[in-house]
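Numbering-wise, the sequence shown is residues -15 to -1, 1 to 115 according to mature numbering (1 follows the signal peptide of the UniProt record, and there is no 0). Backbone N, C-alpha and C fix where the C-beta goes; we use that ideal spot for every residue, glycine too. None of these values were measured; they are calculated from a predicted model. Reviewing the structure listed below.
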Amino acid sequence: MKFLIVLSLASVCLGHYTEKQLEKMAAVSGVCAVELKVTIDKEFVERAKSGGELFPDVQMSKNFIACFLTKNDILTPEGDFVRAKFVEFFADGHNEATVEDIYNKCSTVEGATREDKAYAFHNCYFELKH
C-alpha cells in the first residue's frame, strides 16, 4: 500500500518521472518513513498534491526531505548538495539543461541546519518545477 501511495504522490505531484525514478522514490520514501516513524498515507498524498507541507509538523517535513535527499546522495551529511547525483537522478527522461538550471538556482539556498537547507532546496525545486 505504501508503495502505491508513493507512486501516486510522485506521478501526480512531481510531474512526469520514469519508472526507474518512481521505484527509487518509493523505496527511499519507505526507508525514510520507517526511520522517522511516520506514515505515508492518503493524507500525506493530499497535502503534497495541494502544495502543502508533507506533514503537519514542519520540522518533520524538513527531516523527511533531508532523509530523502541524503539517501539519494543528493545531500551530504555536511549539508552540501551534490550536483552530479541530482542531475543523474532527475535528468533520466528529462532535459538535462533544465535539470542543471534548476540545480543551479536551488543549490544556493541557505539554512541554519542541513534540514533547513534541504527544505529550502525542496521548496525551490517545486517552485521551478511547476
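Residue burial classification, residue i (beta-carbon count within 10 angstroms, cutoff 16)
{"i": "L113", "result": "exposed"}
{"i": "N48", "result": "buried"}
{"i": "A18", "result": "buried"}
{"i": "K5", "result": "exposed"}
{"i": "A12", "result": "exposed"}
Cut-off 6 Å between Cβ atoms - residues of its own chain near residue i, not counting five sequence neighbours on either side
{"i": "residue 116", "result": "A question about residue 116 goes unanswered here, because the residues of the chain that appear run from -15 up to 115."}
{"i": "L54", "result": "L60 and A103"}
{"i": "Y88", "result": "R68 and F71"}
{"i": "F111", "result": "none"}
Cut-off 8 Å between Cβ atoms - residues of its own chain near residue i, not counting five sequence neighbours on either side
{"i": "G96", "result": "G64, K102, A103, Y104 and A105"}
{"i": "K9", "result": "N57 and F74"}
{"i": "K90", "result": "C109 and L113"}
Span of the alpha helix (DSSP H) around residue i
{"i": "L54", "result": "V43 to K56"}
{"i": "I87", "result": "E81 to C91"}
{"i": "V72", "result": "R68 to F75"}
{"i": "A11", "result": "E4 to L21"}
{"i": "D101", "result": "R99 to K114"}
Cβ shell of residue i (< 7 Å), same chain only, five flanking positions each side left out
{"i": "F66", "result": "I59, L60, S92 and F106"}
{"i": "A51", "result": "L60, R99, E100 and A103"}
{"i": "L(-12)", "result": "Confidence is the limiting factor: at L(-12) the pLDDT is only 42, short of 50, which leaves the residue's position unreliable, though a coordinate-based value still follows. Cβ within range, chain order: n/a, list empty."}
Bridge partner(s) assigned by DSSP for residue i
{"i": "F29", "result": "Answer by DSSP bridge pairing: none, since F29 is not bridged."}
{"i": "L60", "result": "F66"}
| said: Quick test of the definition: if touching needs 3 or more C-beta pairs under 8 Å, does the segment 18 to 27 touch the segment 62 to 71? | reply: Flag = no, the segment 18 to 27 and the segment 62 to 71 do not touch.
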